[in-house]
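Take a look at the structure set out below.
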Amino acid sequence: MEQQEKILEVKNLRVNFNTYAGKIQAVRGVNFSLYKGETLAIVGESGCGKTVTSKALLRLYQPPLVSVAEGSEILYDGQDVLKMNKKQLQAYRGREVGMIFQDPMTSLNPTMKVGDQIAEALRIHNKISKKEAAVLAVEKLRLVDIPNPEKRAECYPHQLSGGMRQRVVIAIALSCSPKIIIADEPTTALDVTIQAQILDLLMEIREKTHTAIILVTHDLGVVANFASRIQVMYAGQIVERGSTRDLFYQPRHPYTRALLDSVPKLSSKTHGELYSLKGTPPDLILELKGCPFAARCQYCMPVCQERMPEEIDLGEGHSVSCWLQHPMAPDVGPLNDGRKAGA
Amino acid sequence: MEQETLREPLLEVEHLSKHFKMGGKSILKAVDDVSLTIYKGETLGLVGESGCGKTTFGRTVIQLYRPTSGSIRFDGRELGTLKRKELVSFKKDAQIIFQDPYASLDPRMTIAEIIAEGMKVHFKLSPAETERKIASLLEKVGLGADYANRYAHELSGGQRQRVGIARALAVKPRFIVCDEPISALDVSIQAQVINLLIYLQREFGLTYLFISHDLSMVQYISDRIGVMYLGSLMELTDNQTLYSRPLHPYTQALLSAIPVADPDLGQAQNRIKLEGEIPSPIHQPKGCKFAPRCRFASEKCQAERPVLRELEPGHFVACHFAEQFQTEEA
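These protein sequence lines are chains X and B, in that order. The opening position of the first sequence corresponds to residue 0 in numbering that gives the first Met the number 0, with each subsequent residue numbered one higher. The opening position of the second sequence corresponds to residue 0 in numbering that gives the first Met the number 0, with each subsequent residue numbered one higher.
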């Protein structure tokens with residue numbers, strides 16, 4: 000079984016974008032913990048705040064354009080990341096937490112050889128000579144299964160394919176053996192066969208090093224196969240969380256159900272109507288009253304439009320923020336499969 | 000059942016190639032000797048990884064690119080020999096929906112202007128008629144007539160793609176190339192657009208060439224599916240057969256690489272790991288294009304390029320050893 004050792008705790012995280020049009024509340028009070036050696040997936044559609052959340056964990060945002068609201072806490076090793084000074088922050092980034100970005104085309108420096116880019120990361124965090132760093136960099140490239148690492152270290156990013164570049168990005172993220180890796184859509188820009196290779200590599204690394212992974216993605220297929228726990232985000236909030244099996248087989252939030260139904264199954268009959276969720280997510284510049292999903296929800300009740308539901312614990316780490324779980328709510332049974340309901 | 004009565008070819012492509020000169024002597028063979036037929040009223044899915052030539056193929060068949068060699072017949076007429084005027088009328092019949100709804104709509108035009116542009120070329124309509132038609136098209140694609148005077152930047156990705164669809168429909172086409180119409184959209188929005196495409200196909204009796212890298216969506220919408228790799232067609236068959244009994248090792252690997260959105264099925268899935276990456280389309284392997292990554296590759300595969308052949312009625316495969324997989328599976 001997994002060791003339940005908490006390594007990161009996020010409390011009431013609120014992130015705002017300060018734009019000309021007004022304050023956009025991109026992340027609205029997110030709480031979660033990350034345990035050692037697990038893969039936690041954050042799932043949601045574009046604009047739901049999953050990337051903003053993951054970047055906030057590393058304080059990768061630009062004040063004053065983006066600000067974290069008072070009262071937010073990100074605790075790593077008992078220390079609040081949001082209150083770290085510059086030096087502490089530098090030690091935390093890279094050494095404790097590595098980040099893999101979505102687009103391997105833009106996350107590498109095009110004017111630097113990839114070996115040097117890895118060596119740079121190594122030298123920032125360790126007192127080693129240039130030579131030692133170069134040797135270590137080749138080692139790191141070998142670790143991510145790049146064939147011919149000595150030669151590849153001398154390449155510039157444009158000489159490598161997308162899959163190879165993403166391996167280099169992973170090598171940089173791993174360079175200082177971090178305890179946490181944040182992978183923000185690590186395979187979205189890649190082809191399926193390459194995606195499979197990269198995901199296998201990440202999982203292999205997790206097994207070997209017991210690194211905890213936060214996997215941010217919109218791809219439910221990836222999540223089903225690689226995550227141990229899932230958090231579903233909608234309009235800046237976590238609406239449901241639980242083990243991968245619970246969320247896939249017993250989703251309790253109508254949005255989770257809708258997300259699952261929108262993905263065609265390979266075996267499903269063709270040419271029937273594919274289940275589709277009507278409408279679009281709410282505008283986050285507005286103050287939300289009630290449940291953010293109410294306007295698109297087929298089970299919407301009057302209370303949903305008035306008050307935000309509390310998060311209700313269903314046991315074994317499964318919890319959901321939905322009024323349907325309230326004792327006074329009508330019993331709708333297990334959530335309908337959208338296809339069967341013909342919604 | 001339905002297909003049997005509808006087997007009337009609309010688009011016949013034979014030995015189509017499209018090469019790009021890359022400077023110096025190197026030539027990029029984006030589409031390399033592809034033959035296939037698209038029948039009236041069907042949806043032909045075309046899948047493959049980036050750089051396999053699927054988009055170039057789609058653009059070449061509707062004459063956005065001039066083919067290097069080969070023939071394309073639309074409704075029995077050879078496109079290469081069409082006169083200017085006839086070509087204009089072909090372009091009315093064959094439309095395209097582009098991948099990126101952010102880049103394919105002119106930011107300085109209103110939605111009405113975008114949709115009317117093609118209509119002006121092909122029909123002589125009074126302003127009032129045009130306006131009425133635009134309103135009805137916008138209703139058809141689920142946007143509503145009040146969107147007519149907006150600009151593209153005011154719309155979300157899904158709404159923009161609906162505009163792209165309305166623009167294609169405006170000239171009453173018979174054939175539409177859907178070039179990754181949903182890959183830039185969120186899952187819940189993807190489903191909306193797919194449903195719209197299926198509805199419009201029935202409503203107007205359209206024929207689609209549906210290009211995508213998302214195999215589950217392709218399976219959902221297509222009648223038959225072609226798999227491309229490095230500019231060549233590797234396998235072509237009806238969608239049930241492709242998923243239940245793929246005969247080309249590349250198709251097998253491609254299918255097994257899709258992560259299934261179901262934890263238990265995912266565990267049970269027997270994944271074929273593909274080593275290495277797609278070779279550069281400029282320096283292509285001499286024999287079978289897939290040989291360098293194929294588990295079953297033999298000397299024959301290195302030396303001789305397999306041609307696409309019909310192994311079972313309607314099931315085309317380009318592999319020397321496809322029969323073996325056939326018996327294995329059966």
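Note that CB positions come from ideal geometry on N, CA and C, so glycine has one too.
DSSP-derived helix/strand/coil call for residue i
| i | result |
| --- | --- |
| B/Asp74 | coil |
| B/His163 | It should be noted that the sequence gives Gly, not His, for residue 163 of chain B. Helix, per DSSP. |
| B/Tyr242 | helix |
| X/Asn344 | In this structure chain X extends from 0 to 342, so residue 344 of chain X is not present and cannot be described. |
| B/Ile95 | strand |
| B/Asp38 | Going by the sequence as given, residue 38 of chain B is Tyr instead of Asp. Strand, per DSSP. |
| B/Ser83 | Here residue 83 of chain B is Arg; the residue named in the question, Ser, does not match the sequence. B/Arg83: helix per DSSP, three-state reduction. |
| X/Asp218 | coil |
| B/Gly69 | strand |
| X/Glu131 | helix |
| B/Glu311 | strand |
| X/Val113 | helix |
| B/Gly117 | helix |
| X/Pro250 | coil |
| B/Pro106 | coil |
| B/Lys399 | Residue 399 of chain B is absent from the structure shown; chain B starts at 0 and stops at 329. |
| B/Gly44 | strand |
| B/Arg6 | coil |
| X/Arg27 | strand |
| B/Tyr150 | strand |
| B/Glu1 | For B/Glu1, the predicted model reports a pLDDT of 46, less than 50, meaning its position is unreliable and no value from the coordinates is stated. |
| X/Lys126 | coil |
| B/Gly156 | helix |
Other residues of its chain near residue i: CB distance less than 7 Å, five sequence neighbours each side excluded
| i | result |
| --- | --- |
| B/Gly265 | Pro258 and Val259 |
| B/Val332 | Residue 332 of chain B cannot be examined here, being either before or after the span of chain B that is shown, 0 to 329. |
| X/Tyr254 | Val231, Tyr233, Val238 and Phe292 |
| X/Met83 | Tyr91 |
| X/Ala172 | Gly97, Met98, Ile99 and Ile180 |
| B/Leu136 | Ile114, Ala165, Leu168 and Ala169 |
| X/Glu153 | Lys112 and Gly114 |
| B/Thr54 | Asp178 and Ile210 |
| X/Leu323 | Tyr298 and Val331 |
| B/Gly141 | Arg161 and Leu195 |
| B/Tyr228 | Gly47, Cys51, Tyr249, Lys288 and Phe289 |
Cutoff 6 Å; reference residue i; Cβ partners in own chain excluding five residues on either side
| i | result |
| --- | --- |
| B/Leu307 | Leu232, Phe315 and Ala317 |
| X/Ile145 | Arg151 and Arg166 |
| X/Val344 | The structure shown does not extend to residue 344 of chain X, since chain X is modelled only from 0 to 342, so the question has no answer here. |
| X/Gln304 | Gly289 and Ala293 |
| B/Lys299 | His319 |
| X/Asp102 | Ala188 |
| X/Ala340 | Per-residue confidence for X/Ala340 stands at a pLDDT of 36, beneath the threshold of 50, marking its modelled position as unreliable; the derived number appears in the next sentence. Around X/Ala340: no qualifying Cβ. |
| B/Ala147 | Ile110, Ala111 and Ile133 |
| X/Ser32 | Lys5 and Glu8 |
| X/Lys86 | none |
Beta-bridge pairing of residue i - partner residues as DSSP gives them
| i | result |
| --- | --- |
| B/Gln62 | Its beta-bridge partners do not exist; DSSP assigns none. |
| X/Gln230 | X/Ile41 and X/Arg240 |
| X/Lys22 | X/Asn17 |
| B/His18 | B/Lys28 |
| X/Asp245 | Paired residue(s): none; X/Asp245 is not in a bridge. |
| X/Tyr274 | Note: X/Tyr274 sits in no beta bridge, so no partner. |
| X/Glu8 | X/Ser32 and X/Leu74 |
| B/Thr236 | B/Ile224 |
| B/Glu11 | B/Thr36 and B/Arg72 |
| B/Val316 | B/Glu234 and B/Arg308 |
Beta-carbon separation (whole angstroms), residue i vs residue j, contact threshold 8 Å
| i | j | result |
| --- | --- | --- |
| X/Leu276 | X/Ala257 | 5 Å |
| B/Thr342 | B/Ile220 | The displayed coordinates of chain B run from 0 to 329. Any statement about residue 342 of chain B would go beyond what the structure contains. |
| B/Gln160 | B/Val192 | 6 Å |
| B/Gln239 | B/Thr42 | Not quite, the Cβ-Cβ distance comes to about 14 Å (not below 8 Å), so this is no contact. |
| B/Glu48 | X/Asp190 | 4 Å |
| X/Gly235 | X/Ala25 | 6 Å |
Neighbourhood of residue i by C-beta, 8 Å cutoff - its chain only, sequence neighbours within 5 removed
| i | result |
| --- | --- |
| X/Asp79 | Glu72 and Ile73 |
| X/Glu37 | Glu1, Ala211, Ile212, Ser227 and Arg228 |
| B/Lys415 | Only positions 0 to 329 of chain B appear in the structure, and residue 415 of chain B is not among them; the question remains open. |
| X/Leu63 | First, the amino acid is wrong: residue 63 of chain X is Pro here, not Leu. Asn17. |
| B/Leu15 | Val30, Asp32, Val33, Ser34, Phe56, Thr59, Val60, Pro66, Ser68, Gly69, Ser70 and Ile71 |
At 4 residues or longer, and completely inside the segment 158 to 230 of chain B: list those alpha helix (DSSP H) runs for me, N to C.
186 to 203 and 214 to 220
Would you list, in sequence order, the uninterrupted alpha helix (DSSP H) runs of no fewer than 4 residues that lie entirely inside the segment 241 to 297 of chain B?
248 to 256 and 262 to 267
May I have a chain-ordered list of the beta strand (DSSP E) segments no shorter than 3 residues that lie completely inside the segment 162 to 213 of chain X?
The DSSP assignment places complete beta strand (DSSP E) segments of no fewer than 3 residues inside the segment 162 to 213 of chain X at 179 to 183, in order along the chain.
Every unbroken alpha helix (DSSP H) inside the segment 40 to 108 of chain X [4 residues or more]:
49 to 55 and 85 to 91
Please go through the segment 278 to 342 of chain X and give each complete beta strand (DSSP E) segment of 3 or more residues, from N-terminal end onward.
310 to 312 and 318 to 320
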